[in-house]
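Peer 1:
Numbering (my numbering), first residue to last: 225 to 363.
Structure below.
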């Protein structure tokens, strides 16, 4: 009923929201950016570790596209219905210019059926170059 060794691939269609401070939003022309769809793919590797990638886009006052790569650790609960995890990774945000970020966060997945679940995740994306942001993602 969850992502594990014999069910190791997961595909997601998510909704994401990025929140920026007033200072950072000047570079983006918005303080909140909703991204839909956020398409993701993840593969359970072994020993509670999952690797994945995601792509999302938003087209409001300005183009905003993200490419994410992440690793997720689930504390040995990947075969349970409720799966808490920590996540770390990197992103490239294409907005006014390309901005790389380093990401860290936590989340959980609640599996309703063998292949369908709800994921809630809070992720902080840090970039010393232009802006930093917390990113709330759910699917």
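Just so you know, even glycine gets a beta-carbon here, dropped at the ideal spot from N, CA and C.
Small disclaimer: the values here were computed from a predicted structure and weren't measured.
Go ahead and pull the three-state DSSP assignment for residue 292.
Peer 2: The answer is strand: DSSP assigns residue 292 an E or B state.
Peer 1: With hydrogens ignored, establish whether the beta-carbon of residue 235 is closer than 7 Å to any heavy atom of the ligand GTP.
Peer 2: The model on display carries no ligand, and the ligand GTP is accordingly not part of it.
Peer 1: Residues in the same chain with beta-carbon distance under 6 Å from residue 289, minus the five sequence neighbours each way, listed in chain order, please.
Peer 2: The answer, listed in chain order, is 281 and 318.
Peer 1: With DSSP run on the structure shown, which of helix, strand or coil describes residue 298?
Peer 2: Here residue 298 sits in coil by DSSP.
Peer 1: Please tell me whether residue 278 and residue 292 are closer than 8 Å, where the distance is taken between their beta carbons.
Peer 2: The answer is yes: Cβ separation under 8 Å.
Peer 1: Going by DSSP, what residue range makes up the beta strand (DSSP E) through residue 274?
Peer 2: That run of the beta strand (DSSP E) goes 273–283.
Peer 1: State the Cα-Cα distance for the pair residue 242 and residue 257, rounded to the nearest angstrom.
Peer 2: The straight-line gap from Cα to Cα measures roughly 5 Å.
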